[in-house]
Amino acid sequence: MFTGGAHASKVLMGFILLKVMAVYLGPEGVGKLGHLMSVVSVLTILSGGGIINALVKYCSEYHQTPRKLLRFISAAVTYALLFSLLVCIAGIVLSRPLSLFVFGVDDYQSIIILLAIAQLALAFANVVFGVTNGLRVTHVFAYSQILGNVLAVPLLWFCISRYLEYGAGVSIVLASSLCALPALYFYRRSPFWGRIRLFKIDGLSFRQLFAYTTMLVVSTLAFPLVEITVRSMLISQVGYHDAGIWQAAIRFSAAYLGFFTMFLAFYFVPRISPEQNSTVVVKMTLRHLYLVQAIFVLGAGTLYLGRTFFIKLIFSEEFSPLADLIIYQLLGDFFKISAYVIGFIAVAKAATKLYIIAEVLQGGLFLLGAWLMSRAQVGVESVMQAYVVTYILYFVICLIGLRVYMRKQR
Numbered sequence: 021m022f023t024g025g026a027h028a029s030k031v032l033m034g035f036i037l038l039k040v041m042a043v044y045l046g047p048e049g050v051g052k053l054g055h056l057m058s059v060v061s062v063l064t065i066l067s068g069g070g071i072i073n074a075l076v077k078y079c080s081e082y083h084q085t086p087r088k089l090l091r092f093i094s095a096a097v098t099y100a101l102l103f104s105l106l107v108c109i110a111g112i113v114l115s116r117p118l119s120l121f122v123f124g125v126d127d128y129q130s131i132i133i134l135l136a137i138a139q140l141a142l143a144f145a146n147v148v149f150g151v152t153n154g155l156r157v158t159h160v161f162a163y164s165q166i167l168g169n170v171l172a173v174p175l176l177w178f179c180i181s182r183y184l185e186y187g188a189g190v191s192i193v194l195a196s197s198l199c200a201l202p203a204l205y206f207y208r209r210s211p212f213w214g215r216i217r218l219f220k221i222d223g224l225s226f227r228q229l230f231a232y233t234t235m236l237v238v239s240t241l242a243f244p245l246v247e248i249t250v251r252s253m254l255i256s257q258v259g260y261h262d263a264g265i266w267q268a269a270i271r272f273s274a275a276y277l278g279f280f281t282m283f284l285a286f287y288f289v290p291r292i293s294p295e296q297n298s299t300v301v302v303k304m305t306l307r308h309l310y311l312v313q314a315i316f317v318l319g320a321g322t323l324y325l326g327r328t329f330f331i332k333l334i335f336s337e338e339f340s341p342l343a344d345l346i347i348y349q350l351l352g353d354f355f356k357i358s359a360y361v362i363g364f365i366a367v368a369k370a371a372t373k374l375y376i377i378a379e380v381l382q383g384g385l386f387l388l389g390a391w392l393m394s395r396a397q398v399g400v401e402s403v404m405q406a407y408v409v410t411y412i413l414y415f416v417i418c419l420i421g422l423r424v425y426m427r428k429q430r
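Residue numbers for the sequence shown, in the numbering used here: 21 to 430.
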């Protein structure tokens with residue numbers, strides 16, 4: 021319930037952001053800021069080394085051994101701090117080329133520098149959320165997200181209405197890090213306040229954390245980089261307007277898919293992580309798969325039937341072409357989230373190589389599919405059709421992988 025409420029507030033904030041951008045900037049403005057949204061999405065997950073899933077897993081496993089738990093958390097805080105400091109320095113030093121890459125001009129270096137600094141706050145928040153969710157104190161994440169999103173709404177409106185594209189860039193960066201304020205409040209009230217030992221290197225914990233960093237670096241970079249490549253292809257073929265239509269579909273999709281991935285990371289993973297019986301793991305996976313599919317079909321059906329109303333409500337009249345294309349996004353998302361339920365077994369069992377192969381595979385399939393289909397038909401529709409084909413194939417591969425896992429464990 022707590023997790024659902026947190027994500028509901030995040031979805032609402034995301035929709036408000038899209039609405040304000042749609043009204044003030046139109047499809048072209050949304051298309052121009054697409055790269056920045058991808059970068060912020062990456063850093064939201066990757067800040068501090070992307071160890072939130074590791075914290076959930078190992079805090080869940082160590083919760084009955086306080087000394088081991090405290091040693092691991094101290095190592096995780098040190099790891100996250102070192103990683104985020106490196107990212108901060110790199111972001112500041114490389115702000116000009118990064119501005120050219122993200123915006124196409126070097127006028128927005130200040131936004132890149134702001135993002136490099138803001139990810140330090142995100143890293144702190146991710147550590148707090150990983151620990152508390154691993155210990156099943158889920159209200160910390162929920163309240164922090166809700167309060168952060170409430171604070172973000174007036175900031176978004178003011179910045180975008182007053183400063184347009186530049187203001188949108190600033191607000192996107194700042195809004196993502198506001199959850200660190202309530203996270204700090206909860207940390208100060210926790211039993212860990214004053215007990216964390218910084219820069220106490222624990223080799224075993226660092227190796228465990230690095231495995232998850234590797235998985236998440238590949239995960240968070242592979243598909244966003246593919247998105248950036250495909251978006252650039254669309255811009256060169258049909259311009260910013262159509263790229264903005266596709267960007268709207270992606271953001272719309274990310275909002276509701278985030279609910280499912282959050283549920284899997286914070287509810288599903290802690291339950292199958294300690295489980296050693298493969299038969300039980302598979303049964304739990306299939307049970308959660310059917311549940312996720314049923315909920316998705318119900319929500320997607322409602323969304324599709326009311327697609328014209330929802331698109332006008334969330335975006336504007338200029339985004340009406342999306343009504344004829346949204347079916348492709350919904351079909352692709354159904355197979356994507358179905359595959360992710362199975363894929364989270366790799367997260368729970370820290371199967372780094374398997375996870376990396378899976379992430380590279382889905383990104384490669386989509387990039388290849390988008391390129392091939394765009395040769396036959398230029399435009400957004402061919403890209404969205406490639407998305408459907410990609411995740412049908414990926415889901416089939418995941419089912420085969422699940423069957424192989426069952427046979428190997430017997």
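Idealized CB from N, CA, C, for every residue including glycine.
- Of all the beta strand (DSSP E) runs that stay within the bounds of the region 313-354, which reach a length of 3 or more residues? none
- Alpha-carbon spacing of W213 relative to M235, whole angstroms: As a working note, residue 213 is residue 193 in the sequence shown. As a working note, residue 235 is residue 215 in the sequence shown. Going from the Cα of W213 to the Cα of M235 covers about 29 Å.
- Could you name each continuous alpha helix (DSSP H) segment of 4 residues or more that falls completely within the region 192-242, going from the start of the chain to the end? 200-208
- Item | Assumed close pair L140, S104 - CB separation to whole angstroms, cut-off 8 Å | Here residue 140 is taken as the residue at index 120 of the sequence shown, counted from 1. Here residue 104 is taken as the residue at index 84 of the sequence shown, counted from 1. That pair is a contact at about 5 Å.
- Contact check, I270 vs V400, beta carbons under 7 Å: Locating residue 270 in the sequence shown gives position 250, counting from the first residue. Locating residue 400 in the sequence shown gives position 380, counting from the first residue. No, these two residues do not count as a Cβ contact at 7 Å.
- Task: Would you check if the region 233-249 and the region 196-205 touch, i.e. whether three or more CB-CB distances between them fall below 8 Å?
- Result: no
- Can you give the beta carbon distance from A96 to I65, rounded, assuming they're within the 8 Å contact cut? Here residue 96 refers to the residue found at position 76 of the sequence shown. Here residue 65 refers to the residue found at position 45 of the sequence shown. The Cβ separation is near 16 Å, so there is no contact.
- Query: Are the Cβ atoms of L106 and V193 separated by less than 7 Å?
  - Reply: Against the sequence shown, residue 106 aligns to sequence position 86. Against the sequence shown, residue 193 aligns to sequence position 173. Against a cut-off of 7 Å, the Cβ pair of V193 and L106 comes out as no contact.
- Message: Closer than 8 Å is the cut-off here; do at least three beta carbon pairs connect the region 122-137 with the region 39-48?
- Response: no
- Query: For K30, which residues of its own chain have a beta-carbon under 7 Å away from its beta-carbon, when the five flanking residues on both sides are left out?
  - Reply: Start at 1 with the first residue of the sequence shown, and residue 30 comes out as number 10. Closer than 7 Å at Cβ, skipping near neighbours: Q165, N169, G278.
- Give a yes or no on whether the C-beta atoms belonging to I334 and L32 are separated by under 7 Å. Position 314 of the sequence shown, counting from 1, holds the residue named residue 334. Position 12 of the sequence shown, counting from 1, holds the residue named residue 32. No, they are not a contact pair.
- 7 Å Cβ cutoff met for V76 and G25: The residue given as residue 76 occupies position 56 in the sequence shown. The residue given as residue 25 occupies position 5 in the sequence shown. No. Outside cutoff.
- Task: Along the alpha helix (DSSP H) that carries T98, what are the first and last residues, could you check?
- Result: On the sequence shown, residue 98 is found 78 positions in, with the first residue counted as 1. That run of the alpha helix (DSSP H) goes 86-113.
- Return yes when the Cβ of S58 is within less than 7 Å of the Cβ of E247, no when it is not. Mapped onto the sequence shown, residue 247 falls at position 227. Mapped onto the sequence shown, residue 58 falls at position 38. Yes, Cβ-Cβ distance for E247 and S58 is below 7 Å.
- Task: Could you tell me how far apart the beta carbons of I221 and T98 are, in whole angstroms, since I believe they sit closer than 8 Å?
- Result: In the sequence shown, counting from the first residue as 1, residue 221 sits at position 201. In the sequence shown, counting from the first residue as 1, residue 98 sits at position 78. Indeed, because the Cβ distance is near 7 Å, the residues count as touching under 8 Å.
- Counting only the same chain and skipping the five closest in sequence on each side, list residues whose C-beta sits under 6 Å from that of A138. The sequence position of residue 138 within the sequence shown is 118, counting from 1. Excluding positions up to five away in sequence, the list reads V193, S197.
- Message: Suppose contacts are defined by Cβ-Cβ distances below 7 Å. Is A343 in contact with T328 by that definition?
- Response: In the sequence shown, the residue the question calls residue 343 occupies position 323. In the sequence shown, the residue the question calls residue 328 occupies position 308. Contact flag set, yes.
- Query: K332 to F386, Cα distance in whole Å?
  - Reply: Residue 332 sits at position 312 when you count from the first residue of the sequence shown. Residue 386 sits at position 366 when you count from the first residue of the sequence shown. One C-alpha to the other measures close to 28 Å.
- Task: From the DSSP output, in three-state form, read off N297 for me.
- Result: Translated into positions along the sequence shown, residue 297 becomes position 277. Coil.
- Task: Identify, in the order they occur along the chain, each residue of the same chain with its Cβ nearer than 6 Å to the Cβ of V160, setting aside the five sequence neighbours on each side.
- Result: Position 140 of the sequence shown, counted from the start, is the residue given in the question as residue 160. Cβ within range, chain order: T152, F206.
- Less than 8 Å between the CB atoms is what I'm expecting for Y260 and G189, so what's the real figure, rounded? Counted from its first residue, the sequence shown places residue 260 at position 240. Counted from its first residue, the sequence shown places residue 189 at position 169. The pair is not a contact, with the Cβ atoms about 16 Å apart (cut-off 8 Å).
- Item | For I112, the nearest candidate out of L101, L120, S130, L102 (CA to CA) | On the sequence shown, position 92 is the one that residue 112 refers to. It is S130.
- Query: Do A100 and V147 have their CB atoms nearer than 7 Å?
  - Reply: Residue mapping note: residue 100 aligns to position 80 of the sequence shown, counting from 1. Residue mapping note: residue 147 aligns to position 127 of the sequence shown, counting from 1. The answer is yes: Cβ separation under 7 Å.
- Following the continuous alpha helix (DSSP H) through R271, name the residue where it begins and the one where it ends. Translated into the one-based positions of the sequence shown, residue 271 becomes position 251. It spans 260-283 - the alpha helix (DSSP H) in which R271 sits, taken as one unbroken run.
- Query: Could you give the C-beta distance for G421 and I362, rounded to a whole number, given that I count them as a contact under 8 Å?
  - Reply: The residue labelled residue 421 in the question sits at position 401 within the sequence shown. The residue labelled residue 362 in the question sits at position 342 within the sequence shown. Contact holds; Cβ gap of about 7 Å.
- Same chain, Cβ closer than 8 Å to C108, five either side skipped, listed in chain order: Stepping through the sequence shown from its first residue, residue 108 is reached at position 88. Cβ within range, chain order: A136, I137, Q139, L140.
- Task: Let me know the alpha helix (DSSP H) ranges lying completely inside the region 355-411, each 4 residues or longer, listed in chain order.
- Result: 372-396
- Message: Measuring only the C-alpha atoms, how far is L167 from M426?
- Response: Walking along the sequence shown from the start, residue 167 turns up at place 147. Walking along the sequence shown from the start, residue 426 turns up at place 406. A straight-line Cα-Cα distance of about 43 Å links L167 and M426.
- By Cβ distance, which residues of its chain are closer than 6 Å to I346, with the 5 residues on each side in sequence left out? The count along the sequence shown starts at 1 and reaches residue 346 at position 326. In its chain, beyond the 5 residues on either side, R327 have a beta carbon closer than 6 Å to the beta carbon of I346.
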